[in-house]
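Scroll down for the structure; my scribbles are underneath it.
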Amino acid sequence: MGKRGKQLAKERRQNRLQQISELRKQPIPSHQRWWSSGTVAVVTGSSRGIGFEIARQLAGHGLFVVIAARDADRCRRAAEEIRGEGARNVDWHRLDIEDFGSVEDFVKWVVDKFGGVDVLVNNAGVNYNIGSNNSVELAEKVMAINYFGTKRMIETMIPVMKPSPYGARILNVTSRLGRINGRRNRLGDASLRDQLSRDDCLSEELIDGMITKFLEQVKQGTGPLNEWPQVFTDYSLSKLAVNAYTRLMARILSERPEGQKIYMNCYCPGWVKTAMTNWEGNMTPEEGADTGVWAVLLPDEPVTGKFFAERREISF
0 MGKRGKQLAK ERRQNRLQQI SELRKQPIPS HQRWWSSGTV AVVTGSSRGI
50 GFEIARQLAG HGLFVVIAAR DADRCRRAAE EIRGEGARNV DWHRLDIEDF
100 GSVEDFVKWV VDKFGGVDVL VNNAGVNYNI GSNNSVELAE KVMAINYFGT
150 KRMIETMIPV MKPSPYGARI LNVTSRLGRI NGRRNRLGDA SLRDQLSRDD
200 CLSEELIDGM ITKFLEQVKQ GTGPLNEWPQ VFTDYSLSKL AVNAYTRLMA
250 RILSERPEGQ KIYMNCYCPG WVKTAMTNWE GNMTPEEGAD TGVWAVLLPD
300 EPVTGKFFAE RREISF
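So for the sequence shown, numbering that gives the first Met the number 0 puts the first residue at 0; every next one is plus one.
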């Protein structure tokens with residue numbers, strides 16, 4: 000993309016963000032509000048950054064929000080900050096999605112206190128690369144949290160999600176860096192790209208196998224990793240895995256009977272100024288969280304297996 004093309008893309012993005020800002024100011028019509036003050040939304044990694052902003056906005060819309068993150072003190076302070084803005088519908092609990100015991104303890108607490116969950120936002124994640132750095136030194140940690148941790152939360156939470164005529168909802172915070180055919184970040188293996196693109200080939204074994212192969216190559220140091228995404232390689236691949244898993248689980252969950260549906264989607268918040276990006280970026284946390292909140296609160300329509308960015312569906 001040339002200089003003129005980049006300028007046009009920047010202008011289009013700015014115009015879209017302005018449109019979204021205006022939409023955010025408009026109240027949601029009462030007939031579209033499927034939720035109530037008893038609707039429980041868990042947001043992982045929500046003691047700061049995008050996760051905190053998603054939690055804050057959901058509480059502002061009237062849902063009961065649970066702040067969940069590894070640092071208990073930060074969780075408590077985040078909950079107090081939201082309460083300080085006038086929202087009383089917030090609680091917190093420590094959660095480390097990398098630790099199976101922590102996930103089990105969290106789910107037990109949620110069930111004991113609320114009887115279950117209506118909304119799960121999987122926001123917790125890590126990225127150890129900033130700017131032009133593209134080290135895969137911590138790839139195992141990235142996969143353990145971003146992919147396997149997210150999958151662990153989904154698997155453990157599905158049984159405790161409340162039946163509803165509107166469907167329970169799971170939203171996975173991901174990235175356009177994890178698109179199968181991204182311009183700069185596409186997989187070098189055409190066969191793997193094809194299998195990941197086709198619903199009849201997509202499986203948990205395929206996704207896990209891709210991650211296992213990548214981690215083995217990293218561990219063995221076997222040559223250049225040119226068959227994998229070339230920008231933030233480990234982070235991008237972890238998000239590609241989450242995107243694929245979202246599509247797979249959305250299809251499986253769509254087979255549940257009416258009243259027990261669970262709708263699962265994912266979204267990219269964009270390049271947001273947070274600690275993860277070293278405060279670089281072109282969007283504020285409030286702007287980055289907007290599409291996630293919008294996707295969670297979509298009216299009672301069977302929207303599932305979709306990828307959103309800037310309040311629009313984009314391709315996987």
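The beta-carbon is built from N, C-alpha and C at its ideal position, and this holds for glycine as well.
Which two residues bound the contiguous beta strand (DSSP E) that contains I169?
To locate residue 169, count along the sequence shown from 1; it is residue 170. Unbroken beta strand (DSSP E) run through I169: A167 to V172.
Is it buried or exposed for D233, if we count other Cβ within 10 angstroms and need 16 for buried?
Position 234 of the sequence shown, counted from the first residue, corresponds to residue 233. By the 10 Å Cβ count, D233 comes out buried.
Rounded separation between A86 and S46 - CA only:
Mapped onto the sequence shown, residue 86 falls at position 87. Mapped onto the sequence shown, residue 46 falls at position 47. Rounded to the nearest angstrom, the two C-alpha atoms are 16 Å apart.
Does the pairing of the stretch 139-157 with the stretch 91-108 give three or more beta-carbon distances under 8 Å?
yes
Pull up the DSSP beta-bridge partners for N264, would you.
The residue you call residue 264 lines up with position 265 of the sequence shown. Note: N264 sits in a beta bridge opposite L170.
Contact check, I206 vs Y244 under 8 Å by CB: the rounded distance?
Numbered from its first residue, the sequence shown carries residue 206 at position 207. Numbered from its first residue, the sequence shown carries residue 244 at position 245. Indeed, because the Cβ distance is near 6 Å, the residues count as touching under 8 Å.
Residue range of the beta strand (DSSP E) that V64 falls in?
On the sequence shown, residue 64 is found 65 positions in, with the first residue counted as 1. Start and end: F63 to A68.
Buried or exposed by the 16-neighbour rule on C-beta atoms within 10 Å, applied to A40:
Counted from its first residue, the sequence shown places residue 40 at position 41. Flag for A40 reads buried.
Please list the segments of the alpha helix (DSSP H) lying wholly inside the stretch 43-99, counting only runs of 4 or more residues, in order along the chain.
48-59 and 71-83
Please name the residue in V116, N132 and G59 whose C-alpha comes closest to that of R23.
One-based indexing of the sequence shown puts residue 23 at position 24. The candidate whose alpha carbon is nearest that of R23 is G59.
Determine the closest residue to N122 out of L214, N145, R73 and G187, with distance taken between C-alpha atoms.
By one-based count along the sequence shown, residue 122 stands at place 123. Checking every option, the nearest Cα to that of N122 belongs to N145.
For I153, the first and last residue of its enclosing alpha helix (DSSP H)
If you number the sequence shown from 1, residue 153 lands on position 154. T149 to M156 is the span of the alpha helix (DSSP H), which, as asked, contains I153.
As assigned by DSSP and simplified to three states, the class of R185
Mapped onto the sequence shown, residue 185 falls at position 186. Looking at R185 - three-state DSSP - the assignment turns out to be coil, as it is neither helix nor strand.
According to DSSP, simplified to helix, strand and coil, what is N242?
For the purposes of this step, residue 242 is taken as the residue at position 243 of the sequence shown. Three-state result, N242: helix.
Among Q56, K161, N126 and N14, whose alpha-carbon lies nearest the alpha-carbon of P26?
On the sequence shown, residue 26 is found 27 positions in, with the first residue counted as 1. The option with the nearest alpha carbon to P26 is Q56.
What is the residue span of the alpha helix (DSSP H) that I206 lies within?
Counting from one through the sequence shown, the residue named residue 206 turns up at place 207. E203 to Q219 is the span of the alpha helix (DSSP H), which, as asked, contains I206.
If you reduce the DSSP assignment to three classes, tell me which class I313 lands in.
The residue you call residue 313 lines up with position 314 of the sequence shown. The answer is strand: DSSP assigns I313 an E or B state.
Residue burial classification, A189 (beta-carbon count within 10 angstroms, cutoff 16):
Along the sequence shown, read from residue 1 onward, the residue named residue 189 stands at position 190. Flag for A189 reads exposed.
For my contact list, G341 and P268 are in at a C-beta cut-off of 8 Å; report their separation, rounded to the angstrom.
The displayed coordinates of the chain run from 0 to 315. Any statement about residue 341 would go beyond what the structure contains.
Alpha-carbon to alpha-carbon, G115 and V109:
Stepping through the sequence shown from its first residue, residue 109 is reached at position 110. Stepping through the sequence shown from its first residue, residue 115 is reached at position 116. For V109 and G115, the distance between alpha carbons rounds to 6 Å.
When F99, A54 and L16 are compared against N88, the one with the closest alpha-carbon:
Taking the sequence shown and counting its residues from 1, one reaches residue 88 at position 89. Per the Cα distances, A54.
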